[in-house]
Each structure stands twice: as C-alpha cells, then as structure tokens.
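Residue numbers (our numbering), protein chains in the order written: chain A, 1 to 274; chain B, 1001 to 1265.
This is how it looks when you write it as structure tokens:
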C-alpha cells in the first residue's frame, strides 16, 4: 500500500513537472516572438540594476573598508543572489502578482478547471521579459567578481533558488489575502517591494524590528544574507535552518492559498484562454 | 489673447486638480513607498556616516536631502513618458490633435493638478519624516522658501519636457524604453541617491555640466544649505536646462506631428 502511495505521488510529481516545463516552453516561445522588445527589456533591467552598483562603487570608493559590516564584494554577492532569485521568480511565476485581479474578476475559474494543480497553473501562466535581464545581471556579477570561487557559487545557487521560492511565496501569501479582505493588490505590491529592498542592502542598516520581519513575515534574509554568512563561515545548523525555514514558509504559503480558495466565489465570467 | 489662451489651460489644470482630490486614495500607497525609501536610505546613510562623511553635509542635512529628492521624485512624477509614448504608438494622439489646444501644453496642464496636490502632500510627509528622524533642519528659514519653490518649479519643467522629448522620440524610434531608463538612472545616480559633492572629483566636474543633476540635486542642495551664492550658481543653470528641454520638446513635437499618418478606424 505504501509503495502504491509512493508510486502515485511520484507519478503526480512527474505530471506537474511536465506541466511546469510546458508552461515555461510556451512562455519563452511567446517572449521570443517579439525579440527586439525582449532584448530591450532585458537590457533595460540589467542597466537599471547597474546603476545601484555605481552607487555602491562610489560609496566604497569614498568611505573605504566596510559599510554596515559588508565589503564591496559582499554587496555584489547579495546583489547577484537578489537579482537572480527575483529574476527566476518572475520568469517562472510572474502570474502570482496577477492573483488579486484573477480573484476579483472571477477569472480564477479558468485555472480551477485545468487538469493539474490550480496553484501551479496560476503561478506559471505568465512570464516577465525583463526578468531575463535580472538573471543575466546576477550571473555577470558572479562571473566578474567570483569567477573561480566554488564556495561563492555554491551559496549563490542556493540563495538564488531559495529566494525565487520565497519571493514567490511572499507575493502569493499577500495576494491570497484577497480571499479574506477583498482587493489586496496594494498589500501584494507593498510586500514585494519590501522583499526586494530587504535583499539588496546590508541587513544591519535596518533596526531590530525590521530585521525580525526580514527573518519571519517577509523572510528574504534567509535566502540572501544567510547564504553570505554561510559563504564566509559554514555551519551545518545554519544551513539546515535556512533550508528548513524556506521550505516551511513556501509550504505554509501554498496551504494558505488552498485554504483561501475555499472562500472563492465564481464570477461566472466567460473567459477564453488560449 | 495670451490671457485667453492661458485661461483654457488653467481650466484643464483645475479639472485635473479636482480629479486628483477625488481619486486621492491611490496616494496612500505612494505614501507608504515614500516612507519606506526614506527609512531605507536613512539607515544606509547612517551606516555610511559611521564609517566616514560626505563633503559639506552633516548627517541631518543628508537625511533632509534624501527626504527632498525622494519627495520630488514622488510628487513631480507624472507618468507622461508612458502616456505620450502610447499615444504616439497607438495613434490615439490623432484624436487629441483635434482639440483647440496645443497637445504638449494640454498634457502639461492635465498633469499640473496632480503635481500640485502631490507637492503639498509629499511636502508635508517629508517634513514630518525629517522632523521625526533627525529633528529640524539647521539653517532652514522662511528666506529659503521662495528660492526653493523656484528651483522645484524649474526642476519640474526640465524633467517634464525632457520626458516629453524622450516620449516623442517614438515618432522615429520603435522602442525607446532604453532611452527612458538611461535618462532615469543618470538622474538617480547624479543627484537623487548621491549628492554631487559625494562623487569623485572628475565625475563631479562632468555632472555639474550635464542637465541630469539639476533635476534632484539642485533643489535639494538649495533646501539643505541655501546661500545667495549657491542661488546665483545653480538657478541660472537650472533655467538654461529647463528652457533647452522646452525648446527641444517643442521642436520634436512640431517635427513629429508632420510625420504622423492617421488612418481611419
């Protein structure tokens, strides 16, 4: 019986993986349909990110040493992780920020009728063109500043994947509030903005209350600042706690979505989805 | 004749102000973002000041400087680039050309109501946050207010017409988003996030001779450390860049409208 359950779970996992891969292929094909726009948006995003590095370059050049305990290379590391993690999240799960709109307009019906997980379908239905610029930018930073450093690459990959999952979960949880409160798009935008800004500056510039939020309610620090600490000095318990914390938060966000979904009332909207 | 023309635009601006007051709820979100950015940069500059200092700015002046530059960005931002860009690309500009007004000035008057309301509200919020975080700004008094208002007005004109010019470039360039991003980041880096005095000497010299610093740095510098000498240095340059932006935008508009092909639909 246990073996049958395991086989069933594996089958379901494979099916969802295929659906996920299919969404990604279709989204990429649609992005590449407008190549000029795709490259301009990606380039624009990389350029936009570069301006912040100019800020840090000037700051460290004028001050020297460290700022809030971070060296220039440390800042570049958290930027690389943040840029890549955020980029991956919006390449793969860009539709999460449309969740409020889907609920309010009743268009969520379309996703509920699909023969796969409703959450997976909602998350993967859209991609962001500029997010490719974010990922490219993170990779370029790592290649330029940490090319031969295997430890840095290990924690970079760990951080970027964890951040992609956590950022998606934060946005999902915030938009899920729409099931309870009505239109929560403002909360969703605010949560996303907080999440980004908590990732790209040294954590010690924030007061203790904000730092507590960075490790609990909007836990981007787990995916950005903790990998930097692990890169500087590995401790297995810290790594396990970060991994466990990230996984727990994502599972909780998914459960919160399905709980909220019980309150959803169809809008009887007639929608064509191709 | 001129007064009659101006009256038309005044009516448009009044309607826009009424709209802005009616639909003010969207402002609360922007207040939250503004407060968040000021808080983040206050923390960041606090950390920088623990390690060193910025030429000519105390920490309190720096926090007020940031409250001012962020305030200008939030209050004077109009979304004109996106709107005008879309109007040119979709051809909807053709409908607006039929109005008994100049399109560019019609858009300006439409934006003014929101900008006026934003300036008042973000000004009050900036003052509240500055007082809360670092107390009163040393040396600030009523004598600073007229030059500050003049500097902010010139900053608005320069920024607004530069964005108009960039938007109108869509008459000749298919996708001009990169131009907008480059302009935006140059303004951010040469004044909004970093005072010009914090830049290395060579970049400072370049920045002072380019228009970008005059959008954020000039009014914020006048605000935090006003002197008549600073006024004489900064305001004529602001006026020159603002006038250049207006002239170039109008040239681009006149040239662009001639290229416009409107098909029925």
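Glycine included, each C-beta is placed from N, C-alpha and C at the ideal position.
Worksheet entry | Spatially closest choice to residue 1108 of chain B from B/1095, B/1173, B/1157 and B/1189, by CA coordinates | B/1157
Fill in: Nearest to residue 1226 of chain B (by Cα), restricted to the options B/1114, B/1111 and B/1145
Just measuring C-alpha positions, the residue of B/1114, B/1111 and B/1145 sitting nearest residue 1226 of chain B is B/1145.
Item to complete: State the beta-bridge partners of residue 67 of chain A as determined by DSSP.
Response: DSSP output for residue 67 of chain A lists A/70 as bridge partner(s).
Worksheet item: Once you ignore the five residues that flank residue 60 of chain A on each side, which residues in its own chain have a CB closer than 6 angstroms to its CB?
Response: Around residue 60 of chain A: 72.
Practice prompt. Using a Cβ cut-off of 7 angstroms, pull out every chain B residue sitting near residue 65 of chain A, in sequence order please.
Written response: Those are 1051, listed as they occur along chain B.
Fill in: Contact set for residue 124 of chain A: own chain, Cβ-Cβ below 8 angstroms, skip 5 residues either direction
The beta carbon of residue 124 of chain A lies closer than 8 angstroms to those of 19, 20, 23, 24, 27, 92, 93 and 95 in the same chain, with the five residues before and after it left out.
Practice prompt. Can you tell me which of the three DSSP states residue 249 of chain A falls into?
Written response: In the structure shown, residue 249 of chain A sits in a helix (DSSP, three-state: H, G or I).
Fill in: chain A contact for residue 1177 of chain B (CB, 8 angstroms cutoff)
Taking a beta-carbon distance threshold of 8 angstroms, residue 1177 of chain B counts as an interface residue toward chain A.
Practice prompt. At 9 angstroms on the CB atoms, spell out the chain A contacts of residue 1166 of chain B, in chain order.
Written response: Within chain A, no residue comes near residue 1166 of chain B; the closest Cβ sits about 13 angstroms away, beyond 9 angstroms.
Practice prompt. Count the other CB atoms, across all protein chains shown, that sit within 10 Å of the CB of residue 232 of chain A; report buried if there are 16 or more and exposed otherwise.
Written response: exposed
Worksheet item: Straight-line CA distance for residue 1110 of chain B to residue 1177 of chain B?
Response: 23 angstroms
Practice prompt. Assign residue 1098 of chain B to buried or exposed, taking buried as 16 or more other Cβ atoms, counted over all protein chains shown, within 10 Å of its Cβ.
Written response: exposed
Worksheet item: Which same chain residues, not among the five before or five after residue 90 of chain A, have their C-beta less than 7 angstroms away from its C-beta?
Response: Closer than 7 angstroms at Cβ, skipping near neighbours: 128 and 131.
Worksheet item: So residue 1229 of chain B is in the alpha helix (DSSP H); what residue range does that whole segment cover?
Response: 1228-1259
Worksheet item: The alpha helix (DSSP H) spanning residue 1159 of chain B covers which residue range?
Response: 1145-1168
Worksheet entry | Selection from B/1242, B/1050 and B/1195 that minimises the alpha carbon distance to residue 1062 of chain B | B/1195
Worksheet item: In chain B, which residues lie with their C-beta within 7 angstroms of the C-beta of residue 54 of chain A?
Response: One finds 1189 in chain B with Cβ atoms closer than 7 angstroms to the Cβ of residue 54 of chain A, taken in chain order.
Worksheet item: Name the chain B residues that come within less than 9 angstroms of residue 203 of chain A, Cβ to Cβ?
Response: Per Cβ cutoff of 9 angstroms: no residues; residue 203 of chain A is ~10 angstroms from chain B at best.
Worksheet entry | Residue range of the unbroken alpha helix (DSSP H) whose run includes residue 222 of chain A | Annotation: the continuous alpha helix (DSSP H) that includes residue 222 of chain A extends over 220-232.
Item to complete: Give me the Cα-Cα distance between residue 305 of chain A and residue 107 of chain A, rounded to the nearest whole angstrom.
Response: Limits of chain A in this structure are 1 at one end and 274 at the other, which puts residue 305 of chain A out of reach.
Worksheet item: Are there 16 or more other CB atoms within 10 angstroms of the CB of residue 181 of chain A, so buried, or fewer, so exposed?
Response: So residue 181 of chain A counts as exposed.
Discussion item. Please report the distance separating the alpha-carbon of residue 1128 of chain B from that of residue 189 of chain A.
Written reply: 24 angstroms
Worksheet item: With a CB to CB cut of under 6 angstroms and the five nearest residues on each side skipped, what residues in its chain are close to residue 1155 of chain B?
Response: 1215 and 1219
Fill in: Nearest-angstrom Cα separation, counted from residue 1228 of chain B out to residue 223 of chain A
Using only the alpha carbons, I get a separation of about 51 angstroms.
Item to complete: At 8 angstroms on the CB atoms, spell out the chain A contacts of residue 1047 of chain B, in chain order.
Response: 67, 68, 202, 204 and 205
Practice prompt. Starting from the beta carbon of residue 1043 of chain B, find every residue of chain A whose beta carbon is closer than 7 angstroms, and list them in chain order.
Written response: 205 and 206
Worksheet item: Do residue 1106 of chain B and residue 1253 of chain B come within 8 angstroms of each other at the CB atom, strictly closer than that value?
Response: no
Practice prompt. Taking only the alpha-carbon atoms, compute the straight-line gap between residue 44 of chain A and residue 1179 of chain B and give it to the nearest angstrom.
Written response: 9 angstroms
Worksheet item: Below 8 angstroms between beta carbons: does that hold for residue 1169 of chain B and residue 1089 of chain B?
Response: Their beta carbons are not under 8 angstroms apart, which means residue 1169 of chain B does not touch residue 1089 of chain B by this criterion.
Discussion item. Just to confirm the assignment, what range does the alpha helix (DSSP H) spanning residue 1112 of chain B have?
Written reply: Here the alpha helix (DSSP H) through residue 1112 of chain B covers 1103-1134.
Discussion item. Under 8 angstroms, Cβ to Cβ, is there at least one residue of chain A near residue 1185 of chain B?
Written reply: yes
Practice prompt. Express the C-alpha separation of residue 1255 of chain B and residue 1246 of chain B in angstroms, rounding to a whole number.
Written response: 14 angstroms
Discussion item. For a test of the three-state rule: what should DSSP assign to residue 180 of chain A, helix, strand or coil?
Written reply: Correct three-state label for residue 180 of chain A: helix.
Worksheet item: Does the beta-carbon distance from residue 246 of chain A to residue 162 of chain A come in below 8 angstroms?
Response: Yes, the pair counts as a contact, with Cβ atoms nearer than the cut-off.
Worksheet item: By a C-beta neighbour count over all protein chains shown, 10 Å radius and 16 as the cutoff for buried, is residue 1209 of chain B buried or exposed?
Response: exposed
Practice prompt. Please determine, among A/227, A/41 and A/244, the residue with the shortest C-alpha to C-alpha distance to residue 154 of chain A.
Written response: Residue 154 of chain A has its Cα closest to that of A/227, out of A/227, A/41 and A/244.
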